[in-house]
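Numbering-wise (the working numbering), the sequence shown opens with residue 314 and increments by one. Idealized CB from N, CA, C, for every residue including glycine. Input: a single structure, listed below in structure tokens.
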Amino acid sequence: MFKNAKWITAGKDFKETLPSFQKKFAPKDEIKKATAYMTAFGVYDFFIDGKKVGNKIMAPGWTYYTKWIQYQEYDITDLLGAENTLSVTLAPGWAAGFIGWQRHKEENYPGPYGISTSSLVAVFEIEYADGTQETFTTDESWDIYTTHTLYCEIYDGQRVDYTKEIRYVGKALVTEQPVPSLLPQKGEDIVERETVLPVKLIHTPKGETVIDFGQNLAGYVEFKVKGNPGDVVAFSYGEVLDKDGNFYNANYRTAINETTYILDGQEHVCKPSLTFQGFRYVRVDSFPGEVDLNDFCAKVIYSDMKRTGHFSCGFDKLNQLYSNIVWGMRSNYIDVPTDCPQRDERLGWTGDAQVFCRTATLNYDVENFFRKWLYDMTQNQNEEGGIYGVIPTFYYMASISTAWADAACVCPWEIYRAYGSKDILETCYPMMKKWLEYMHRYGDDEFLWVGHKNHYGDWLAMDAGPDYYLGATQLDLIASAYFYYSTGLTIKTGKVLGEDTTELEALQANIRKAFREAFMENGMPKLYMKGDALEENHTGNRIRPVKPVTQTAISLILHFGLYEEEERQALVDKLVELIEEFDGRMNTGFVGTPLILRVLSDNGRADVAFNLLLQEKNPSWLFSVNQGATTMWEHWNSQKEDGSFWSTNMNSFNHYAYGAVYDWMFGDMVGLTVSEDGVGYEKITYKPHTDKRIGFAQASLDTRQGMLAASWKYLPDDTIRYELTLPETTTAVVTIPGLPERTLTGGSYVFYSKA
């Protein structure tokens, strides 16, 4: 399709404004069908006669530009008249802009993918009513005009000057840079979704004027304004206020996150384009006249996924937690599962995606979202089989780390469980096997993954102390446990695909044996290290205390099945003891937190799991709720009880990873879990766990079979009423305390049992 199309650019030296590439087009006859195909190194907006085509934002999205780019298709049949001006505005975006915290703003900065300047390619196919066809493409005949947008970067925002005269610059330049594969769009469009109205205008102790939108989000501010020619509107963005109530965004690091508009005396409805911010608070740095909140709103952007899941309960703080989980996902599912939407990062960290993947499927239909991102992962895998910590990767290749790289095995399997996506397993199976081989070949221990110092470990756990990046759990233990777990998932995948998994099964058995010899003693984790109980790592705090028995170590052993049955109870008892020793709290990080509640309820201690869920002292999920959080935090103590901050270096207030707790809330508290022999919710288990402190809980999920819903509620006489609604094609194994186990098919059911 793009064979004869040329990539066009305004050139590296064109820095006056964002360029607009334009082409006049007059149809020769009545049009039956007109289609545009388009993509870019950068991000673009497409217009016909000054009106934007479609609702796509930040197209073509973010891919591993070195190997492939998505292209978009537009039906423009009804948009064309007798005379037409086609125009495309182009910004650097992810392909040619400043990405990562290493800003590289020197004059010869080649861009994150070695692309020195943004460029565009497009094909237009016209089918006339008389059966003839016409095709034209981008080439050197296209004209370049200036725009009102002086500057636009993802991290830094946008500067617009309405007083600037739009002028013709010259003809487009054809670029000869290497072109990767051009593939039809795999994921959803990025679009505007919710509109959030401001809740308060704040005048801070420092004299700042701040708009509070009441919700941390990713998107941008839209507002109406009229001022004198030369008047300036300028905004800065932040997630929280400091302990004195002043505007704060030091945690954005080098990301400038500003929008500026120079007015021309006309009324304008303004909003950024080709960039976005992460924020709750907007500081008004300059504005003509008084700020009227009625003229402002925030537009929320994320991938156009269908909302499929809902939850509510009788404990308001848990409802706020659930809202925070959903908003954290919205803010970070912008074509790529990013870690955060605000600072100089916003990268597709694999560890965050891995731990949250199942929870994502319980709130939105993410099948295509992951189909696209996992394809990118297959393209990013290195020759040795390693998976970098950030996908898509770029000049900064994040470390190959346990629990992060294992997204290569975990995410395809979780998407298959939720949707029955066998094609995703087929695409990812070779990558999964190569990843196992990477771990298998590493170091001197054939069946352990040990000696690697670039792991992120139990990231941000507090068992080594409140100010360490790495938790106290041994890196080698986590890595070898995940080696075992990912091997098991690859075996399951191979069986689904009809592959011979004999060698993989032997590998898994050997890993289990080696793990137990290296890391287990008398049924408990032991220290497996050379030297003292200190361990180096490449990340911020290079040395921190390491402990053999941690909440995370036990959770991994129990959840991954690395114990013998006679050891189970002692491990569970020890886990409960560690929680009690830490004042009834967990001290786990990114690795242990998603597992600990599930391990407790799977092993008869749902009471302790509920205590952790309802815990309000830090670290806990409800601590941030009590602090006024509206999204999930990166750190348990991102903002401390006294209002001070953990750090300015790495302190996002919109990180979704700890929101993985909703997997437990849906699967254990409400009790709905898809069975591995009934993927796509053809078969489920219904085994709810209740707690009178919560009163009631209910959840629903629009599955591939239809609507699935369940609830429980405490009645005045301590009887519990359960309700279950099954799609017609779903079978459920039902286990309710005090009632016999039964198997049910589609329909609505009511049960009663005594608490």
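DSSP, reduced to helix, strand and coil, places V904 outside both helices and strands of the structure shown, so it counts as coil.
For T806, there is no enclosing beta strand (DSSP E); the enclosing alpha helix (DSSP H) covers residues L788 to V809. Contact annotation: E329 and G410 have beta-carbon atoms that are not nearer than 7 Å.
V649 counts as buried, since at least 16 other C-beta atoms from the protein chains shown sit within 10 angstroms of its C-beta. Rounded to the nearest angstrom, the gap between the Cα atoms of R472 and V434 is 25 Å. Judged by DSSP in its simplified three-state form, C724 adopts helix. The C-alpha of I728 lies about 12 Å from the C-alpha of K685. Residue nearest to K556 within the set A1068, F958 and E1054 is F958 (criterion: CA-CA distance).
Counting only runs that start and end inside the stretch 342-416, the beta strand (DSSP E) elements of at least 3 residues fall at 344-354, 356-361, 381-388 and 397-404. In the DSSP assignment, S625 forms a beta bridge with Q1011. Taking the CA atoms as reference points, S636 sits about 40 Å from P493. Membership of K1067 in the beta strand (DSSP E) is indicated by the continuous run G1060 to K1067. Cβ-Cβ distances below 8 Å link L913 to V885, L888, V889, A919, V921, A922 and L925 in the same chain, with the five nearest sequence neighbours on each side left out; the list follows chain order.
From the listed residues V974, K747, Y969 and P932, the smallest Cα separation to L908 is found for V974. In this structure A568 is in contact with R656, their Cβ atoms being roughly 5 Å apart against a cut-off of 8 Å. Membership of K319 in any beta strand (DSSP E) is not indicated, and neither H nor E is assigned to it by DSSP. For D981, the secondary structure class from DSSP, reduced to helix, strand or coil, is helix. L403 has its alpha-carbon roughly 30 Å from the corresponding atom of Y441. By the Cβ criterion, the stretch 1020-1031 is in contact with the stretch 976-985, since at least three pairs of Cβ atoms, one from each stretch, lie closer than 8 Å.
Counted as a single uninterrupted DSSP element, the stretch harbouring T663 is not any beta strand (DSSP E) but the alpha helix (DSSP H) occupying residues T663 to T674. T901 and K860 have their alpha carbons spaced roughly 13 Å apart.
Contact annotation: T322 and T588 have beta-carbon atoms that are not nearer than 7 Å. Residue pairing by DSSP puts M1020 in a beta bridge opposite D1015. Counting along the chain, the unbroken alpha helix (DSSP H) around I870 starts and ends at Q864 to F873. With contacts defined as CB atoms closer than 7 Å, E447 and T348 fail to qualify as a contacting pair. The beta carbon of T522 sits closer than 8 Å to the beta carbons of L514, I515, H516, R596, V597, F600 and V604 from its chain, once the five residues preceding and following it are set aside; these are given in chain order. Taking 7 Å as the cut-off, the beta carbon of T815 is found no closer than this to the beta carbon of K808.
Listed in chain order, the non-local C-beta contacts of Q694 below 7 Å within the same chain comprise I700, M744 and K747, local neighbours out to five positions each way being set aside. Straight across, the Cα-Cα distance linking A819 with E507 is about 51 Å. By the criterion of a C-beta distance shorter than 8 Å, L576 is surrounded in its chain by Y475, T476, V538, K539, G540, N541, P542, G543, D544, V545, V546 and P601, once the five residues flanking it on both sides are discounted. A straight line joining the alpha-carbon of W949 with that of N931 spans about 7 Å. Scanning its chain for C-beta atoms nearer than 6 Å, with the 5 sequence neighbours on each side dropped, one finds around A827 the residues F760 and L761, in chain order.
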